[in-house]
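Asks: In the working numbering, the protein residues as written are 212 to 513.
Backbone N, C-alpha and C define an ideal beta-carbon position, used for all residues, glycine too.
Here it is: the structure, laid out below.
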Ligand SMILES: O=C(O)CCC(=O)C(=O)O
Ligand SMILES: [Fe+2]
């Protein structure tokens, strides 16, 4: 348990547990009770499941990924690979399209495991599938993402889609944890405006905000995060505002985010292999200019 009063540094901002940031509620005790899980997901907008993946599997995947970073010269010279120390170039490694890394057995044994698919089949009440694209992210010092709803990036086809963010390395509060905006799955105005955009159809910027302070003070959200251990996972729907906090450490933060949906419902074809062995992905409109979020937010008065 993170005691009230603990400080949480998000880049240059500081939040305080018990005031404007809360520790995520652990639903691991419910993991074999789909009815209870569905109720909790509807209520909280997320499921945080400690030890969702066996810790050894997550650690094996992290060590495999660190070896791939080492092969590319990314680790600090003279340091043990297992420590994952960031090298002098401070490079982030998004291995999404590097299939001999992101689709290696060490990775798929975690996110495509029988227990993972059984879990989603029970959640959906029918067989589940996952996208061919897996977002295997290695964040160097300072690396992070920005606040968004996943619907804006991966929202085509069925509305019954869940994101799972899985920690592969131990990720303490200052090491780039995932951060969600509690209650954002119920923010009708955000869902009806920003949430309905499709960045590749509408040619709109997809990041809602990079400023956590604005989301707390102006929009009124409380942040939710945790100290993630290898194998811990957080699961949420397409309308949950989230970001990662900057990794303030000198160790790579390695995570993977994957999407699951009922196998017989509409897919988002941008994220499945085509005949050329690649997926289309986001940002595929060549030379497009994207309407800035500041302009969109002016139109939406939000
Ligand atoms: O890992 C991150 O930094 C961002 C993850 C994310 O946006 C997601 O899991 O959907
Ligand atoms: Fe996301």
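Taking three-plus beta-carbon pairs below 8 Å as touching, is the segment 439 to 450 in contact with the segment 353 to 366?
Replies: Contact between the segment 439 to 450 and the segment 353 to 366 is present, because at least three Cβ pairs lie under 8 Å.
Asks: If you measure from the CB of residue 348, is any heavy atom of ligand 1 nearer than 8 Å?
Replies: Yes, ligand 1 has a heavy atom inside 8 Å of this Cβ.
Asks: Would you say the beta carbon of residue 493 is closer than 8 Å to some non-hydrogen atom of ligand 2?
Replies: Result no, Cβ not under 8 Å from ligand 2.
Asks: Whose C-alpha, out of 229, 391, 348 and 238, is nearest the C-alpha of residue 312?
Replies: Among 229, 391, 348 and 238, the Cα nearest to that of residue 312 is on 348.
Asks: Residue 373 and residue 331 - do their beta-carbons sit closer together than 9 Å?
Replies: Contact: yes.
Asks: To which residues of the same chain is residue 339 closer than 8 Å at the C-beta, ignoring the five residues directly before and after it?
Replies: So the list reads 328, 331, 332, 471, 472, 473 and 474, once near-sequence residues are dropped.
Asks: Relative to ligand 1, is the shortest distance from any of its heavy atoms to the C-beta of residue 479 smaller than 8 Å?
Replies: No, the Cβ of residue 479 stays beyond 8 Å of every heavy atom of ligand 1.
Asks: Would residue 239 pass as a contact of residue 219 if the rule is Cβ separation under 9 Å?
Replies: Result no, Cβ atoms of residue 239 and residue 219 do not sit closer than 9 Å.
Asks: Under the three-state reduction of DSSP, which class applies to residue 461: helix, strand or coil?
Replies: Residue 461 falls in the coil class under three-state DSSP.
Asks: Extract the residue ranges of the alpha helix (DSSP H) inside the segment 222 to 300, only unbroken runs of 4 or more that lie entirely within it.
Replies: Within the segment 222 to 300, the complete alpha helix (DSSP H) runs of at least 4 residues are 245 to 255 and 266 to 282.
Asks: Quickly, what does DSSP pair residue 378 with across the bridge? List them, please.
Replies: Beta-bridge pairing links residue 378 to 466.
Asks: Between the C-alpha atoms of residue 252 and residue 258, what's the straight-line distance to the nearest angstrom?
Replies: The straight-line gap from Cα to Cα measures roughly 6 Å.
Asks: If distances are taken between C-alpha atoms only, which option among 506, 388 and 467 comes closest to residue 343?
Replies: Considering only alpha carbons, the answer is 467.
Asks: Does at least one heavy atom of ligand 1 sit under 8 Å from the Cβ of residue 359?
Replies: At least one heavy atom of ligand 1 is nearer than 8 Å to the Cβ of residue 359, so yes.
Asks: Note down, in chain order, each residue of its chain lying with its Cβ closer than 7 Å to the Cβ of residue 483, except the 5 sequence neighbours on either side.
Replies: So the qualifying residues of the chain are 342, 343 and 490.
Asks: Among 354, 415 and 407, which residue has its Cα nearest to the Cα of residue 389?
Replies: Ranking the options by Cα distance to residue 389, first place goes to 354.
Asks: Hey, is residue 453 close to ligand 2, as in C-beta under 8 Å from one of its heavy atoms?
Replies: Checking the Cβ of residue 453 against ligand 2 gives yes.
Asks: Does the beta-carbon of residue 301, which I'm using as the reference point, lie nearer than 8 Å to any heavy atom of ligand 1?
Replies: Because no heavy atom of ligand 1 lies under 8 Å away, the Cβ of residue 301 does not count as near it: no.
Asks: Is the CB-CB distance between residue 434 and residue 212 below 9 Å?
Replies: No, the pair does not count as a contact, with Cβ atoms beyond the cut-off.
Asks: Beta carbon of residue 507, beta carbon of residue 404: below 9 Å?
Replies: Going by C-beta atoms, residue 507 is nearer than 9 Å to residue 404.
Asks: Going by beta carbon distance, what residues of the same chain come within less than 8 Å of residue 485, once the five residues before and after it are set aside?
Replies: Correct list, in chain order: 491.
Asks: Any idea if residue 419 is buried or exposed, counting beta-carbon neighbours within 10 angstroms, 16 or more meaning buried?
Replies: Residue 419 is buried by the Cβ-count criterion.
Asks: Taking its Cβ as the centre, do 16 or more other Cβ atoms sit within 10 Å of residue 276, making it buried, or is it exposed?
Replies: Buried, by the Cβ-count rule.
Asks: Just to confirm my understanding: we take residue 296, look at its own chain, exclude 5 residues before and 5 after, and list those with CB closer than 7 Å. What are they?
Replies: If we look at residue 296 and ignore the five residues flanking it on each side, its Cβ neighbours are 286, 287, 290, 461 and 462.
Asks: Going by alpha carbons, who is nearest to residue 319 out of 346, 301 and 337?
Replies: If we check each option's Cα against that of residue 319, 346 comes out closest.
Asks: First and last residue of the beta strand (DSSP E) that includes residue 350?
Replies: Note, residue 350: beta strand (DSSP E), 346 to 350.
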